[in-house]
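Working notes, structure below.
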């Protein structure tokens, strides 16, 4: 389905050794999307995977056009799913997804349709809503608004995109600091969603829910949650992983703009023109 978008659409994801044998169904669900996709790229780290780890089903996906890229150097972990795509295709629309969901066939269509209405916003199929106490302080992740309680039809900094549901980033959506490897890996090494959220805020990009509410993006692949992966690690100890990395990001960047802190920008939905 052609939706009238005039920029290339790149769907980008990553995987790792415990999941690589089960990633083919994810790729097939992306190949069967109702909306046109120009490229699907799976980014892998050369220090943990090689061509010998790819099964016949993944190789069949490659024959049908899926690109599998082995990256050398520092293993960026979950950050691989956006980092290389945004750098190699800076003028394209980048849609990030995860490697453990068989996606609904309209996943990309929902994102593109919302992008056509809000071309400057980051579009999410699913989001949590950031919450604050009476002093204006950001509450811990566990006390944000989640799931079906999140309903928002307007662009907002308070919406926090959930990566597994699919997120659309328009060209140049994040601040250049997003690609500061030292900062990324020291402040937020295991939570790409969190890093992308604040880098989007720093670039003045609000978030829109594609249909004004959350929806289930597909079916989780059985067996992919057996390993201690990113989501489990971050949710342990009352979401301590999220909160620890969020504090580190804010300690470094909250006062990046002199006139308003990032927390003030998020809470008051301040326009980018008024940042400095």
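Numbering (the working numbering), first residue to last: 155 to 430. Beta carbons are placed, not taken as given, at the ideal position from N, Cα and C, and that holds for glycine.
Please confirm whether residue 248 and residue 164 have their CB atoms less than 8 Å apart. Sequence index remark: in the chain shown, residue 248 carries index 94 (1-based). Sequence index remark: in the chain shown, residue 164 carries index 10 (1-based). Cβ atoms of residue 248 and residue 164: closer than 8 Å.
Against chain E, does residue 190 count as a neighbour if the rule is that its beta carbon must be under 8 Å from one of theirs? Any reference to chain E falls outside this structure, which holds one protein chain only.
Can you list, in chain order, the residues of its chain whose CB lies under 6 Å from that of residue 422, leaving out five sequence neighbours each side? Looking up residue 422 in the chain shown gives position 268. Close CB contacts of residue 422 within its chain, under the 6 Å cut and outside five residues either way in sequence, are absent.
Considering only DSSP beta bridges, list what residue 372 is partnered with. Along the chain shown, read from residue 1 onward, the residue named residue 372 stands at position 218. Residue pairing from DSSP places residue 372 in a beta bridge opposite 257.
Could you check the C-alpha separation between residue 160 and residue 190 for me, to the nearest Å? Here residue 160 corresponds to residue number 6 of the chain shown, with the count starting at 1. Here residue 190 corresponds to residue number 36 of the chain shown, with the count starting at 1. The alpha-carbon atoms of residue 160 and residue 190 are separated by roughly 11 Å.
How should residue 355 be labelled, buried or exposed, when 16 other C-beta atoms within 10 angstroms of its C-beta is the threshold for buried? For the purposes of this step, residue 355 is taken as residue 201 along the chain shown, with counting starting at 1. Looking at its Cβ environment, which holds 16 or more other Cβ atoms inside 10 Å, residue 355 is buried.
Does DSSP classify residue 272 as helix, strand or coil? Residue mapping note: residue 272 aligns to position 118 of the chain shown, counting from 1. Here residue 272 sits in coil by DSSP.
Cβ atoms of residue 329 and residue 312: under 8 Å apart, would you say? The residue you call residue 312 lines up with position 158 of the chain shown. The residue you call residue 329 lines up with position 175 of the chain shown. Residue 312 places its beta carbon 8 Å or farther from that of residue 329.
What's the call for residue 400, buried or exposed, on a 16-neighbour Cβ count within 10 Å? Translated into the one-based positions of the chain shown, residue 400 becomes position 246. Around the beta carbon of residue 400, 16 or more other beta carbons lie within 10 angstroms, which makes this residue buried.
Nearest residue (CA-CA) to residue 283, options 268, 240, 294 and 289: Working through the chain shown from its first residue, we reach residue 283 at position 129. Ranking 268, 240, 294 and 289 by Cα distance to residue 283 puts 294 first.
Do residue 350 and residue 236 have their beta-carbon atoms positioned less than 8 Å apart in this structure? As a first step, residue 236 must be located in the chain shown, where it is residue number 82. As a first step, residue 350 must be located in the chain shown, where it is residue number 196. Cβ distance < 8 Å, so residue 236 and residue 350 count as in contact.
Looking at residue 372: is its Cβ nearer than 8 Å to the Cβ of residue 253? For the purposes of this step, residue 372 is identified with residue 218 of the chain shown, where counting begins at 1. For the purposes of this step, residue 253 is identified with residue 99 of the chain shown, where counting begins at 1. Not a contact, by the Cβ cut-off of 8 Å.
Note the first and the last residue of the continuous beta strand (DSSP E) segment covering residue 224. Walking along the chain shown from the start, residue 224 turns up at place 70. Counting along the chain, the beta strand (DSSP E) containing residue 224 begins and ends at 221 to 225.
Among the candidates 265, 175, 206 and 210, whose CA atom is the shortest distance from the CA of residue 188? Locating residue 188 in the chain shown gives position 34, where the first residue counts as 1. When the alpha-carbon of residue 188 is set against those of 265, 175, 206 and 210, the nearest one is in 265.
Counterpart residues of residue 298 in DSSP-defined beta bridges: For the purposes of this step, residue 298 is identified with residue 144 of the chain shown, where counting begins at 1. Note: residue 298 sits in no beta bridge, so no partner.
How would you write the range of the alpha helix (DSSP H) that residue 237 sits in, first residue to last? Reading the chain shown from its first residue, position 83 is the one you call residue 237. Taken as a continuous stretch (DSSP letters only), the alpha helix (DSSP H) holding residue 237 covers 234 to 242.
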